[in-house]
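Asker:
2 protein chains.
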Amino acid sequence: MAQRLTISLDAMGGDHGPDVVVPAALHAAGQHPDLHQILVGDEGVLREALERNGAGTGPSLSIRHASQTVGMDEPPSKALRNKKDSSMRVAIDLVKEGSADACVSAGNTGALMATARFVLKTIGGIDRPAISSAIPSIYGHTYMLDLGANTECTPEQLFQFAAMGSVLVTAVNSIDAPRVGLLNIGEEEIKGIEAVRRAAQLLSQSSLNYVGFVEGDDIYTGEVDVVVCDGFVGNVALKTSEGLAKLVGHYVREEFSSSVYSRLAALVAWPVLRRLRSRMDPRRYNGASLLGLQGIVIKSHGGADTYAFANAISMAMLEVKKSVPKRIGHLVASAMADVSERET
Amino acid sequence: MAQRLTISLDAMGGDHGPDVVVPAALHAAGQHPDLHQILVGDEGVLREALERNGAGTGPSLSIRHASQTVGMDEPPSKALRNKKDSSMRVAIDLVKEGSADACVSAGNTGALMATARFVLKTIGGIDRPAISSAIPSIYGHTYMLDLGANTECTPEQLFQFAAMGSVLVTAVNSIDAPRVGLLNIGEEEIKGIEAVRRAAQLLSQSSLNYVGFVEGDDIYTGEVDVVVCDGFVGNVALKTSEGLAKLVGHYVREEFSSSVYSRLAALVAWPVLRRLRSRMDPRRYNGASLLGLQGIVIKSHGGADTYAFANAISMAMLEVKKSVPKRIGHLVASAMADVSERET
Chain A
141 MAQRLTISLD AMGGDHGPDV VVPAALHAAG QHPDLHQILV GDEGVLREAL ERNGAGTGPS
201 LSIRHASQTV GMDEPPSKAL RNKKDSSMRV AIDLVKEGSA DACVSAGNTG ALMATARFVL
261 KTIGGIDRPA ISSAIPSIYG HTYMLDLGAN TECTPEQLFQ FAAMGSVLVT AVNSIDAPRV
321 GLLNIGEEEI KGIEAVRRAA QLLSQSSLNY VGFVEGDDIY TGEVDVVVCD GFVGNVALKT
381 SEGLAKLVGH YVREEFSSSV YSRLAALVAW PVLRRLRSRM DPRRYNGASL LGLQGIVIKS
441 HGGADTYAFA NAISMAMLEV KKSVPKRIGH LVASAMADVS ERET
Chain B
141 MAQRLTISLD AMGGDHGPDV VVPAALHAAG QHPDLHQILV GDEGVLREAL ERNGAGTGPS
201 LSIRHASQTV GMDEPPSKAL RNKKDSSMRV AIDLVKEGSA DACVSAGNTG ALMATARFVL
261 KTIGGIDRPA ISSAIPSIYG HTYMLDLGAN TECTPEQLFQ FAAMGSVLVT AVNSIDAPRV
321 GLLNIGEEEI KGIEAVRRAA QLLSQSSLNY VGFVEGDDIY TGEVDVVVCD GFVGNVALKT
381 SEGLAKLVGH YVREEFSSSV YSRLAALVAW PVLRRLRSRM DPRRYNGASL LGLQGIVIKS
441 HGGADTYAFA NAISMAMLEV KKSVPKRIGH LVASAMADVS ERET
């Protein structure tokens with residue numbers, strides 16, 4: 141029999157709260173008989189949401205009442221101070237106390253990161269957690285981090301991100317020595333910012349499979365498995381990609397509806413266009429990992445729908461099965477040992 | 141009669157040198173009877189290239205011999221020190237001495253920026269030049285800067301970029317008070333890096349039409365006319381977009397050739413797909429401006445073809461006609477005066 145997993149869900153978080161989280165949980169429950177989910181939030185609201193979906197609590201689904209909700213625009217410090225009984229906080233507390241193996245939230249990223257860090261603490265050797273997500277590439281996926289948790293980073297932090305990203309790729313994609321690239325603006329050694337140049341030195345001395353500097357376009361070419369950058373740059377790259385994807389979608393809709401012939405062509409090409417849309421569907425990649433914590437926390441996109449949120453739940457399950465936090469602790473310790481050895 | 145313009149072309153620069161620059165110049169000559177172009181480079185090579193294209197020198201096209209060439213990977217400091225008779229340097233010298241109104245080069249960006257800055261000097265009130273280019277958006281174009289000349293920027297530099305970008309948009313797109321956004325990773329005041337937050341304060345006090353923070357996706361939505369960021373972030377955003385565009389192209393080719401039906405659909409949809417490709421063609425946007433110099437320098441993409449390089453020549457002509465450097469000097473002086481006034 142498979143190991144039984146427990147995932148706590150911040151059922152009030154995100155743009156849609158229980159309207160998305162509850163059906164997503166029911167979907168996941170149907171797919172994974174070994175899964176126990178704890179819906180965290182207002183008990184009355186959650187019971188109603190379950191009823192609306194023709195379901196109730198049971199051995200695979202329970203409710204844990206939480207009286208507060210963190211607003212999507214609430215400053216992290218305020219959420220941390222004033223919302224000790226929020227659905228987000230309680231979902232993370234359940235991981236801390238061992239009642240859940242991981243938690244998933246579509247809530248406010250800043251508050252989630254601050255709360256997770258405060259409650260779970262970072263793994264030894266990790267200064268700050270980072271956010272990582274899979275990004276489609278020509279040959280598979282690239283994992284990029286940090287995507288916005290840390291605006292400015294030291295070389296040591298970038299190094300830790302590289303180690304954490306390597307662990308994630310090994311765990312999730314079963315790749316033994318993931319290729320790590322440092323995001324920079326030129327491939328020559330002379331270019332780039334100081335922290336990135338120094339991180340490159342640390343990485344070259346470590347046991348990680350560091351392949352060198354990469355540029356923005358390499359995120360999508362699949363030349364590396366892990367792209368490391370600070371959270372400001374990572375977030376801009378991610379959002380820029382979202383913007384360009386929207387522009388392309390806009391162009392496609394405009395051109396395929398610009399004339400009677402275009403609309404006919406759209407009909408004929410519909411099966412192909414639908415496959416294209418599905419391949420580029422960001423919902424498939426929903427579920428960013430908050431790496432570096434003593435516990436597993438998955439951030440769903442705030443606007444996620446049921447399908448997308450269910451993918452975030454799957455990501456949480458995968459990280460539990462692969463013991464990602466424990467592996468990060470081991471790898472960071474050994475990778476840093478290599479660096480210190482060569483330095484002495 | 142229209143004003144006669146002279147543009148010097150670094151005919152040896154870029155991946156293709158005279159093979160692209162010479163036909164592009166001939167194309168531009170055919171389109172603009174008021175244009176005089178000076179091809180700068182090895183005279184023998186250039187005469188041959190002209191002959192191959194069935195043309196020669198004349199009142200609208202001359203050759204200026206330069207004995208050296210700057211390599212695409214040559215460090216800027218070396219190019220500046222050792223290549224005083226390079227096609228790049230001489231093309232810029234011609235602008236300095238008033239023999240040309242602007243120059244265009246597809247050469248090494250770092251060397252071009254260093255040489256242009258050394259020879260032409262910056263405009264009063266501008267600390268460092270910046271690279272700006274038009275980027276297609278849902279409602280038209282966004283001009284983004286800096287795209288890679290300055291890896292780390294002070295708040296004052298970001299402010300100057302905003303002023304330079306505003307001038308460029310006003311000159312090129314005839315928009316009176318271009319909307320300026322500062323690239324950041326969250327719309328709340330609390331997020332982001334220190335330099336960006338302080339630049340926001342300067343901009344709010346100035347006479348520029350500053351609309352606030354924007355995120356990466358806003359580059360493509362057209363919410364603002366100018367997006368301001370440091371060169372590291374700008375370059376990553378630009379390259380990331382190039383990478384995603386390649387990925388989309390790859391998906392489209394794969395899906396439209398995956399079966400007999402898909403290939404038939406591609407045939408039917410071909411006129412629409414061709415229009416789409418043309419709308420997304422980066423060659424249309426070739427010709428980045430090196431802003432902030434006492435002279436007009438346009439950087440063409442290194443891999444530009446004839447069509448793309450000819451667009452860079454058109455951009456140079458437009459900036460000459462609109463006296464972009466002079467306007468930048470005026471606007472920066474007046475915008476900074478507003479800030480100082482409010483501060484006293």
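Here the protein sequences come in this chain order: A and B. Its first residue numbered 141, the first sequence is counted upward by one per residue in the working numbering. Its first residue numbered 141, the second sequence is counted upward by one per residue in the working numbering. Where is the CB? At the ideal position from N, CA and C, for every residue including glycine. As the structure is a computational prediction, the values presented were derived from the model and not from experiment.
(1) How big is the Cα-Cα spacing for A/Thr-262 and A/Ala-274?
(2) Return the residues of the region 273-298 of chain A that lie within a Cβ-Cβ distance of less than 8 Å from chain B, sorted by chain order.
(3) Less than 7 Å between CB atoms is the rule here; does B/Ser-245 satisfy it with respect to chain A?
(4) In chain order, what are the residue ranges of uninterrupted beta strand (DSSP E) at least 3 long that sit wholly in the region 215-293 of chain B?
(5) Is the CB of B/Tyr-360 under 7 Å away from at least one CB in chain A?
(6) Inspect the CB distances between the region 302-320 of chain A and the region 376-386 of chain A and report whether three or more fall short of 8 Å.
(7) Using DSSP with H/G/I as helix, E/B as strand and the rest coil, what is A/Gln-434?
(8) Along the chain, where does the alpha helix (DSSP H) that runs through B/Arg-160 open and close?
(9) Count Cβ pairs between the region 247-265 of chain B and the region 176-187 of chain B that sit closer than 8 Å; are there 3 or more?
(10) Short of 7 Å in beta carbon distance, which residues of its chain neighbour A/Thr-255, apart from the five on each side in sequence? Order them along the chain.
(11) Taking just the CA atoms, how far does A/Gly-153 sit from A/Arg-415?
(12) Based on DSSP bridge pairs, tell me the residues matched to B/Asp-150.
(13) Round the Cβ separation of A/Ile-147 and A/Met-457 to the nearest angstrom and send it over; I've been treating them as touching at under 8 Å.
(14) Spell out the partners DSSP gives A/His-205 in its beta bridges.
(15) Assuming contact is defined by CB atoms lying nearer than 7 Å, are A/Tyr-279 and A/Ser-272 in contact in what I supplied?
(16) Tell me whether the beta-carbon of A/Val-367 lies closer than 7 Å to the beta-carbon of A/Gly-442.
(17) Please say whether A/Phe-449 and A/Val-160 have beta carbons closer to each other than 7 Å?
(18) Hey, B/Ala-452 and B/Val-180: beta-carbon distance below 7 Å or not?
(19) Start and end of the beta strand (DSSP E) containing B/Tyr-350?
(20) Tell me, to the nearest whole angstrom, how far the beta carbon of B/Arg-319 is from that of B/Asn-349; I am working on the premise that it is less than 8 Å.
(21) Just curious, the beta strand (DSSP E) that A/Val-367 is in, first and last residue?
(22) By how many angstroms is the C-alpha of B/Gly-352 removed from the C-alpha of B/Glu-328?
(23) Where does the unbroken beta strand (DSSP E) through A/Gly-383 begin, and where does it stop?
(24) What does DSSP give as the partner residues of A/Gly-198 in its beta bridges?
(25) Give the DSSP-derived three-state secondary structure of A/Gly-321 in the structure shown.
(26) Determine the DSSP secondary structure at A/Ser-429, reduced to helix, strand or coil.
(27) To the nearest angstrom, how far is it from the Cα of A/Ser-200 to the Cα of A/Ala-169?
(28) Assign A/Ser-346 to buried or exposed, taking buried as 16 or more other Cβ atoms, counted over all protein chains shown, within 10 Å of its Cβ.
(29) Suppose you measure from the CA of A/Ser-399 to the CA of A/Leu-413; what does that come to, to the nearest Å?
(30) Alpha carbons only, please: which of A/Glu-394, A/Gly-371, A/Ser-306 and A/His-156 is nearest the one belonging to A/His-470?
(31) Suppose you measure from the CA of A/Ser-226 to the CA of A/Asp-445; what does that come to, to the nearest Å?
(32) Would A/Ala-164 and A/Gln-177 be called neighbours here (beta carbons separated by less than 7 Å)?
(33) For the region 339-363 of chain B, enumerate the residues whose C-beta is nearer than 7 Å to any C-beta of chain A, in chain order.
(34) Please report the residue range of the alpha helix (DSSP H) in which A/Ser-306 lies.
(35) Is B/Phe-299 close to the ligand MN? I mean its beta-carbon at under 6 Å from any heavy atom of the ligand.
(36) Can you pull the chain E residues whose beta carbon is under 7 Å from the beta carbon of A/His-390, in chain order?
Answerer: In short:
(1) 22 Å
(2) Flagged, chain order: Pro-276, Ser-277, Ile-278, Gly-288, Thr-291 and Glu-292.
(3) no
(4) When DSSP assignments are scanned along the region 215-293 of chain B, the uninterrupted stretches of beta strand (DSSP E) that are 3 or more residues long and fall wholly within it turn out to be 242-245, 270-277 and 280-285.
(5) yes
(6) no
(7) coil
(8) The amino acid occupying residue 160 of chain B in the given sequence is Val; Arg does not appear at that position. Counting along the chain, the alpha helix (DSSP H) containing B/Val-160 begins and ends at 158-171.
(9) no
(10) Ala-219, Leu-220, Met-228, Arg-229 and Ile-232
(11) Cα to Cα, A/Arg-415 sits roughly 31 Å from A/Gly-153.
(12) B/Val-180
(13) 7 Å
(14) A/Gly-181
(15) Not closer than 7 Å, so no.
(16) no
(17) yes
(18) Taking 7 Å as the Cβ cut-off, B/Ala-452 and B/Val-180 do not qualify as a contacting pair.
(19) 350-354
(20) 5 Å
(21) Where A/Val-367 is concerned, the enclosing beta strand (DSSP E) stretches over 366-368.
(22) The predicted model places B/Glu-328 with a pLDDT of 46, which falls under 50 and marks its position as unreliable, so this point remains unresolved.
(23) Premise fails: A/Gly-383 lies in the alpha helix (DSSP H), 371-395, not in any beta strand (DSSP E).
(24) DSSP lists A/Leu-201 as partners of A/Gly-198.
(25) strand
(26) strand
(27) 7 Å
(28) buried
(29) 18 Å
(30) Checking every option, the nearest Cα to that of A/His-470 belongs to A/Ser-306.
(31) 22 Å
(32) No, these two residues do not count as a Cβ contact at 7 Å.
(33) So the list reads Glu-355, Gly-356, Asp-357, Asp-358, Ile-359, Tyr-360 and Thr-361, given in the order they occur along the chain.
(34) 295-313
(35) Judged by which ligands are present, the structure shown has none, so any question about the ligand MN falls away.
(36) Chain labels in this structure do not include chain E; the protein chains are A and B.
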